[in-house]
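Single-structure report; data block below.
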Amino acid sequence: MPPLQPNSTSSRYGSAISGFAAIAAASCFAGGTHSSAGAAEARFLQQLYQYARRAPSSTHMLDVDANEVVIDDQIVFVGRETSEQEHLIAKLREWEWLGPNWDGENAAAPVTSSLQAANQFVCLLDRDAEMPEPMLHASGRAGLVWSNDDRYLELEFLLNGSVAYFCTAAVDKHKGVVAFDGRRLPPALVPLIPT
Amino acid sequence: MATAPGFRPLHDAHAIEQVVASIAFDGPLADAAMRAATESMRLLEHELPGLAPINRIGISFGPQGIVPIAPEQTLGLARTASNRRGQVEEEFRMERTGITYRTQAYTRWDAVWGRLRGFLTVVLPHCAGVSLNAVALAYFDKFIWEGSAADCRPGALIRADSPYLAPSSFGATDLWHCHTGRFVRVDSAVKRLEAVDLDCGDEVLDPLAGQQKRVVKISTTLTDMFNQPSFDATNYPVEGSLGLIEEVMLALHNEQKAIFAMLVNDRAAALVGLNHAPASA
């Protein structure tokens, strides 16, 4: 056995809500990963079982923790994958740590408020929607770009809490500046953003 | 390019593996109320298409061996939403003695509470005859060590002066854990249980690669309890308590953030955007 059981019920759910959460966790896993059909799930389970077969004395069992199983005395994480949206947010956050001349061509230091506005904007997108590419301008301001066969949409997060946009789709062109409060997508941009 | 050793959040932008919110009643719902509440969950079908009864599983040990016992009654109903991999990412459970919501799809508090609020708006009006006993919010975070396990130290993630890690654990050079808990008097009517559990262990994060990585799991659970001995008595009928639940949940969320800020070091806090505007926290 591993030297610790960090995923034991007592440590993970051993609180006043244990009656709810532990049961919820157990049934969630059992109901989710094992009863639903689908090619993606089948591939995932196949990977797990391939892993389990590598050791001749392998045994596997479900743990009460929803996202972990124990295979051959090893804890295997089976939680969801990190989304493209989360990778994008992390990338924008990473840029906050850059200093001036981050491009080697005398660019201004990234503007934190602009990066954070871009981050808030990304947070408000539908998780399954097409994610934009992040941009950092020489001015230090952040941008987001969607570019596909149907349209090109570029946003730049200005310092006064507004967003400049430029969009081409088929023969149409749109551009302008709209206010962004960080809590909801500007209505004028909603129809322009690829879903 | 080689990455410098250090902890990274489970989901890059944040470390939250899942969030669990619970509401406990002061007693079981009567049959009629339970029926009405679970029937109302049909309205959640669009957002939570999965449906499963919650049954108690009993097993009898005897001369005949292990014999399953048929469930006496359905304890409740769960509605779920799954991802493309088939995993349940979101679950809303209505039980006789309480309601539990959990999600792995954390983006920001406003969004999580917005969904839970919508579900509660549907079922709470049917929860007649019971009062609010407790409201709880739990966060389960995970940080992954990128580097040799031999170089992994608590100080790479945890604040040196954090009150939530014992000094002996802070000096650990191998696996470690530290569990703390205490009651806090929020006001004359509310007793809060604060539980913070830290576990450092090894996990296989990619079943195909099969390689173990060192991880630190942080669970913080806050539970506000009503009608506790030596506290003022309260009577908050569940059916009309949405506003109060919202207020308590927000307070618990803010307290969770404050605890987390006292727990992880500045680097980790910056990685998860803890110091950003509330909308992206």
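Chains as they are written, first to last, in my numbering: chain E, 169 to 363; chain C, -10 to 270. Ideal Cβ positions, reconstructed from N, Cα and C, are used throughout, including at glycine.
Which residues of chain C have a Cβ atom closer than 8 Å to the Cβ of residue i, listed in chain order?
i, result
"Arg248(E)", "Asn72, Arg74, Gln76, Glu78, Gln93, Ala94"
"Cys335(E)", "Under the 8 Å cutoff, chain C gives no residues; its nearest Cβ is about 24 Å from Cys335(E)."
"Arg295(E)", "Ala94, Thr96"
Within 10 Å of its beta-carbon, does residue i have 16 or more other beta-carbons around it, so buried, or fewer, so exposed?
i, result
"Asp317(E)", "exposed"
"Arg24(C)", "exposed"
"Glu298(E)", "exposed"
"Gln200(C)", "exposed"
"Gly16(C)", "exposed"
"Gly190(C)", "buried"
"Gly103(C)", "exposed"
"Arg203(C)", "buried"
"Ala108(C)", "According to the sequence displayed, residue 108(C) carries Phe and not Ala. That one is buried."
"Pro171(E)", "Only weak support exists for where Pro171(E) lies, its pLDDT of 32 falling under 50; the value from the coordinates is given anyway. Classification for Pro171(E): exposed."
"Leu304(E)", "buried"
"Gly162(C)", "The displayed chain sequence assigns Thr, not Gly, to residue 162(C). Thr162(C) should be labelled exposed."
"Lys341(E)", "exposed"
"Asn122(C)", "buried"
"His115(C)", "buried"
"Asn72(C)", "buried"
"Glu6(C)", "buried"
"Phe14(C)", "buried"
"Gly54(C)", "exposed"
"Asp186(C)", "buried"
For the putative contact between residue i and residue j, defined by C-beta atoms under 8 Å, what is the C-beta separation to the nearest angstrom?
i, j, result
"Ala26(C)", "Leu32(C)", "So it is not a contact: roughly 11 Å between Cβ atoms."
"Ile69(C)", "Ala127(C)", "Here residue 69(C) turns out to be Thr, not Ile, going by the sequence shown. The pair is not a contact, with the Cβ atoms about 18 Å apart (cut-off 8 Å)."
"His166(C)", "Asp195(C)", "About 24 Å separates the two Cβ atoms, so there is no contact after all."
"Ala257(C)", "Leu154(C)", "That belief does not hold up - the Cβ atoms of Ala257(C) and Leu154(C) are roughly 13 Å apart, past 8 Å."
"Arg351(E)", "Phe325(E)", "Arg351(E) to Phe325(E), Cβ: 15 Å. No contact."
"Ala4(C)", "Phe132(C)", "5 Å"
"Arg91(C)", "Val9(C)", "4 Å"
"Leu113(C)", "Leu231(C)", "6 Å"
For a contact defined as C-beta to C-beta under 7 Å, what are the partners of residue i on chain C?
i, result
"Asn328(E)", "Correct list: empty, because the minimum Cβ distance to chain C is about 16 Å."
Anything in chain E within Cβ reach of residue i, meaning under 8 Å, just list it in chain order.
i, result
"Gly262(C)", "Ile257, Arg261, Asn287"
"Val193(C)", "Tyr219, Ile239, Gln242, Ile243, Val244, Phe245"
Which residues of chain E have a Cβ atom closer than 7 Å to the Cβ of residue i, listed in chain order?
i, result
"Asp1(C)", "Thr250, Glu254, His255, Ala258"
"Arg97(C)", "Cys291"
"Glu6(C)", "Asn235, Gly247"
"Gln201(C)", "Gln242"
For residue i, which residues of its own chain have a beta-carbon under 7 Å away from its beta-carbon, when the five flanking residues on both sides are left out?
i, result
"Arg146(E)", "Past the edges of chain E, shown from 169 to 363, lies residue 146(E), and the structure says nothing about it."
"Glu183(C)", "Gly170, Arg171, Val173, Leu211"
"Ala223(E)", "Reliability fails at Ala223(E), whose pLDDT of 42 lies under 50, so the model's placement of it is uncertain and no value is given."
"Arg148(C)", "Met251, Leu252, Val253, Asn254"
"Ala94(C)", "Glu78, Glu79"
"Val237(C)", "Val124, Asp213"
Report all residues from its chain with a CB closer than 6 Å to the CB of residue i; omit the five preceding and five following residues, and keep chain order.
i, result
"Ile248(C)", "Thr209"
"Leu321(E)", "Trp314, Cys335, Leu360"
"Gly247(E)", "Asn235"
"Leu292(E)", "Leu353"
"Gly136(C)", "Pro(-6)"
"Ser158(C)", "Trp165, Cys167"
"Gly200(E)", "Any reading at Gly200(E) is ruled out, since the residue's pLDDT is 35, under 50, leaving its predicted position unreliable."
"Val179(C)", "Asp213"
Apart from the five residues on each side of it in sequence, which residues of its chain come closer than 8 Å, Cβ to Cβ, to residue i?
i, result
"Glu252(E)", "Met299"
Would a check of beta-carbon distances place residue i closer than 9 Å to chain B?
i, result
"Arg351(E)", "In the structure shown, chain B cannot be found, because the protein chains are E and C."
- Query: Which ranges would you report for the beta strand (DSSP E) in the region 232 to 313 of chain E if only whole runs of at least 3 residues count?
  - Reply: 236 to 239, 242 to 245, 301 to 304
- Taking the runs of the alpha helix (DSSP H) that are 4 residues or longer, which of them lie wholly in the region 62 to 149 of chain C? Entirely contained in the region 62 to 149 of chain C, the alpha helix (DSSP H) runs reaching 4 residues are, in chain order, 98 to 112.
- Where are the beta strand (DSSP E) runs, 3 residues long or more, that stay fully inside the region 2 to 59 of chain C, in chain order? 5 to 14, 39 to 44, 47 to 51, 54 to 58
- Message: Which complete alpha helix (DSSP H) runs does the region 152 to 240 of chain C hold, if anything under 4 residues is left out?
- Response: 156 to 159
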